[in-house]
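Chains as they are written, first to last, in the numbering used here: chain W, 1 to 298; chain U, 299 to 474.
For glycine and all other residues, C-beta sits at the position ideal for the given N, C-alpha and C.
Structure record follows, encoded as structure tokens.
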């Protein structure tokens with residue numbers, strides 16, 4: 001087992017307030033890997049990079065800096081399970097570290113609410129921390145391998161891009177998440193346009209609902225064609241998109257075509273570690289997870 | 299198509315984008331890679347290349363008032379693929395800031411922003427998820443601004459100070 005690492009868990013909005021089952025799976029699974037999670041008391045919305053940054057960048061930067069400062073003052077780096085929150089923190093850190101004027105301005109605003117900010121702490125994605133532990137080490141911890149499960153992996157956009165400000169190796173075809181999925185014994189299945197956006201970000205889901213769902217439809221059609229047993233995602237907003245779009249598409253098409261279980265990575269890993277599905281929040285999904293659970297033998 | 303009236307050209311518009319960090323925008327060669335890789339343009343009339351051309355040309359009002367600016371999901375594929383290494387997605391975000399400043403904002407976006415102003419969350423908790431949290435063995439309210447009055451006051455103070463409250467509570471332009 002690796003040495004104990006400690007992080008401030010940044011929840012964001014969608015995870016604690018719409019899909020607390022994902023939060024539960026993170027809180028249950030990460031400590032099993034030697035990752036200690038501290039609550040980030042008083043955190044706010046990250047705030048969302050595609051909307052609040054699009055509306056007013058200085059507000060986005062000031063609120064992002066406040067969240068980063070809360071972790072910094074607790075002596076931790078942030079860990080987040082949402083690609084959007086991850087993007088906000090990576091981009092906000094880059095802004096203040098490269099633009100002394102912006103850092104000064106943010107400090108001036110935060111000083112008024114009694115918060116000190118040095119811009120020294122980092123923000124990591126849950127998947128980044130698991131990748132650092134490594135697929136091989138994780139495989140060694142698996143007690144109930146998920147053999148025979150066909151997985152469609154969805155990385156999401158902001159985990160990977162802009163690539164200049166991300167920790168992954170420069171490539172057009174990433175494999176770190178596929179490797180983490182395969183460490184559970186499941187098989188990552190290739191499908192068309194795997195890197196395509198889910199359609200939720202950039203204010204599109206909030207502002208252009210029909211367009212947003214059409215992005216998801218295209219991805220879901222490609223996943224159905226690849227005959228996957230589930231979608232694995234690592235972002236609470238992509239998760240929301242795939243969970244909510246499927247019943248909507250079924251309603252629009254008068255069919256039951258769209259019923260792919262939408263599983264968050266720590267839920268999948270938890271199953272392979274032998275954790276009870278209910279402890280991982282798998283009983284609280286929008287799209288029924290039962291066919292997937294039955295196939296895993298749970 | 300009508301000829302472009304020179305009165306519609308703001309010769310300083312591209313300069314403003316450059317000083318906002320889109321330093322390479324004038325090097326655009328209109329190759330169209332940004333549009334070709336755009337998942338939004340597969341299903342709409344949205345063309346990133348067109349926005350970039352209009353921006354460089356200085357058709358400020360046309361660009362800022364167009365709903366096209368809001369069809370981008372900020373997937374960053376265009377920025378990754380641009381052969382001139384122009385920060386295309388960032389350009390769209392900068393122009394969105396300018397549009398909002400001019401009063402152009404979708405009503406749904408204004409509504410979401412009001413939730414942030416009131417609760418510190420763009421997506422605040424609801425009754426069903428309070429219940430779900432309890433059933434999962436989590437605290438009924440997350441340890442965020444939802445359960446910390448002082449933190450919420452701080453967040454509100456910050457949004458007042460940056461002018462966000464005024465920006466969102468301000469009067470919307472017609473047609474947006």
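Any chain W beta carbon closer than 8 angstroms to residue i
{"i": "residue 345 of chain U", "result": "no"}
{"i": "residue 378 of chain U", "result": "yes"}
{"i": "residue 332 of chain U", "result": "no"}
{"i": "residue 464 of chain U", "result": "no"}
{"i": "residue 452 of chain U", "result": "yes"}
{"i": "residue 474 of chain U", "result": "With a pLDDT of 42 at residue 474 of chain U, under the threshold of 50, the modelled position of this residue cannot be trusted, and the question is left open."}
{"i": "residue 459 of chain U", "result": "yes"}
Any C-beta of chain U under 8 angstroms from that of residue i
{"i": "residue 73 of chain W", "result": "no"}
{"i": "residue 291 of chain W", "result": "no"}
{"i": "residue 206 of chain W", "result": "yes"}
{"i": "residue 24 of chain W", "result": "yes"}
{"i": "residue 179 of chain W", "result": "no"}
{"i": "residue 244 of chain W", "result": "no"}
{"i": "residue 288 of chain W", "result": "no"}
{"i": "residue 57 of chain W", "result": "yes"}
{"i": "residue 1 of chain W", "result": "Residue confidence is low: residue 1 of chain W scores 47 on pLDDT, short of 50, so the model does not pin down where it sits. Its coordinate-derived value is still stated next. Not one chain U Cβ lies under 8 angstroms of residue 1 of chain W."}
{"i": "residue 66 of chain W", "result": "yes"}
{"i": "residue 232 of chain W", "result": "no"}
{"i": "residue 13 of chain W", "result": "yes"}
{"i": "residue 17 of chain W", "result": "yes"}
{"i": "residue 90 of chain W", "result": "no"}
{"i": "residue 39 of chain W", "result": "yes"}
{"i": "residue 93 of chain W", "result": "no"}
Which listed residue (the options) has its alpha carbon closest to that of residue i
{"i": "residue 62 of chain W", "options": "W/33, W/169, W/243, W/45", "result": "W/45"}
{"i": "residue 439 of chain U", "options": "W/103, W/42, W/68, W/283", "result": "W/42"}
{"i": "residue 223 of chain W", "options": "W/153, W/28, W/208, W/91", "result": "W/153"}
{"i": "residue 17 of chain W", "options": "U/334, U/307, U/444", "result": "U/444"}
{"i": "residue 463 of chain U", "options": "W/285, W/55, W/34, W/73", "result": "W/55"}
{"i": "residue 219 of chain W", "options": "W/195, W/183, W/208", "result": "W/195"}
{"i": "residue 402 of chain U", "options": "U/429, U/431, U/368, U/377", "result": "U/368"}
{"i": "residue 142 of chain W", "options": "W/183, W/197, W/294", "result": "W/183"}
{"i": "residue 29 of chain W", "options": "W/94, W/130, W/60", "result": "W/130"}
{"i": "residue 31 of chain W", "options": "W/145, W/253, W/133", "result": "W/133"}
Same chain, Cβ closer than 8 angstroms to residue i, five either side skipped, listed in chain order
{"i": "residue 399 of chain U", "result": "465"}
Helix, strand or coil at residue i according to DSSP, with G and I counted as helix
{"i": "residue 123 of chain W", "result": "strand"}
{"i": "residue 309 of chain W", "result": "In the structure as shown, chain W starts at 1 and stops at 298, and residue 309 of chain W therefore has no counterpart that could be examined."}
{"i": "residue 207 of chain W", "result": "helix"}
{"i": "residue 153 of chain W", "result": "strand"}
{"i": "residue 315 of chain U", "result": "helix"}
{"i": "residue 238 of chain W", "result": "helix"}
{"i": "residue 364 of chain U", "result": "coil"}
{"i": "residue 110 of chain W", "result": "helix"}
{"i": "residue 264 of chain W", "result": "strand"}
{"i": "residue 135 of chain W", "result": "helix"}
{"i": "residue 306 of chain U", "result": "helix"}
{"i": "residue 395 of chain U", "result": "helix"}
{"i": "residue 288 of chain W", "result": "coil"}
Residue environment, residue i, which counts as buried when at least 16 other CB atoms sit within 10 Å
{"i": "residue 181 of chain W", "result": "buried"}
{"i": "residue 310 of chain U", "result": "exposed"}
{"i": "residue 434 of chain U", "result": "buried"}
{"i": "residue 123 of chain W", "result": "buried"}
Sequence-distant residues of the same chain with beta carbon closer than 6 angstroms to residue i, five excluded per side
{"i": "residue 245 of chain W", "result": "213, 216"}
{"i": "residue 88 of chain W", "result": "46, 49, 64"}
Near the ligand ADP: residue i beta-carbon under 7 angstroms from a heavy atom
{"i": "residue 374 of chain U", "result": "Among the components modelled here there is no ligand, and therefore nothing to report on the ligand ADP."}
Cβ neighbours of residue i in the same chain (closer than 7 angstroms, five flanking residues each side left out)
{"i": "residue 312 of chain U", "result": "323, 324, 353, 354, 356"}
{"i": "residue 364 of chain U", "result": "none"}
{"i": "residue 128 of chain W", "result": "167"}
TODO: Would you list, in chain order, the members of the region 361 to 376 of chain U that have their beta-carbon closer than 8 angstroms to a beta-carbon of chain A?
DONE: This model lacks chain A altogether, as its protein chains are W and U.
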